[in-house]
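Have a look at the structure below, then the notes.
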Amino acid sequence: ASDIGGREISITTSYEKVELSGFSAKLALTDRNGNIILRPADLKFPMDVQDQYGSIDLYWPDGATSSLEARSKGGSVKWGLAEKPTVDKTNGVSLIQAFGGNANAADIVLATSYGDIRIEPGHQKL
Numbered sequence: 637a638s639d640i641g642g643r644e645i646s647i648t649t650s651y652e653k654v655e656l657s658g659f660s661a662k663l664a665l666t667d668r669n670g671n672i673i674l675r676p677a678d679l680k681f682p683m684d685v686q687d688q689y690g691s692i693d694l695y696w697p698d699g700a701t702s703s704l705e706a707r708s709k710g711g712s713v714k715w716g717l718a719e720k721p722t723v724d725k726t727n728g729v730s731l732i733q734a735f736g737g738n739a740n741a742a743d744i745v746l747a748t749s750y751g752d753i754r755i756e757p758g759h760q761k762l
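Using the numbering used here, read the sequence shown as starting at 637 and increasing by one per residue.
So this is what it looks like as structure tokens:
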């Protein structure tokens, strides 16, 4: 889906690839056995993205500074932004926190089990 607006987007699915681009709304997304690609228009709203046995790719909009927590059990978290994360550790679970660290609950939460998470600049294409 692309260019979705409104107050909230809620998606629950399994065995499906989910790709959202150009969206600007609160996002609650749960997937199992499917990959997720997110290209938000902005980060004005919170995101809670949960996956199992799938990867999550987030393309970070230029200039955005929402707090982020990304964690993967059994996979990795790959940070591709120029700014360094506040926390970057691996101990059975790969964890990155950025733009706010532990001070408050993160605006953006990305979590997966047995998949990788990639955070890349918004202008970058795979």
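Just so you know, even glycine gets a beta-carbon here, dropped at the ideal spot from N, CA and C.
It should be emphasised that the depicted structure is a prediction, and the values quoted were computed from it without experimental measurement.
Does SER718 pass the burial test, meaning 16 or more other C-beta atoms within 10 Å, or should it be called exposed?
A small fix is needed here, since residue 718 is Ala in this sequence, not Ser. Burial call: exposed.
When the Cα of GLN733 is compared with those of HIS759, SER749, SER708, which residue comes out closest?
SER708
What first and last residue would you give for the beta strand (DSSP E) that runs through ILE672?
672-675
Who are the near neighbours of VAL745 in its chain, counting only those whose CB is closer than 6 Å to its CB and skipping five residues on each side?
ASP684, GLU705
What three-state label does DSSP hand GLY694 in the structure shown?
It is Leu, not Gly, that sits at residue 694 in the sequence shown. Of the three classes helix, strand and coil, the one that applies to LEU694 here is strand, per DSSP.
Cβ-based burial, LEU762 [other Cβ within 10 Å; buried from 16]:
Because the pLDDT of LEU762 is 46, which lies under 50, any placement of that residue in the model is unreliable, and the number read from its coordinates should be weighed accordingly. Burial call: exposed.
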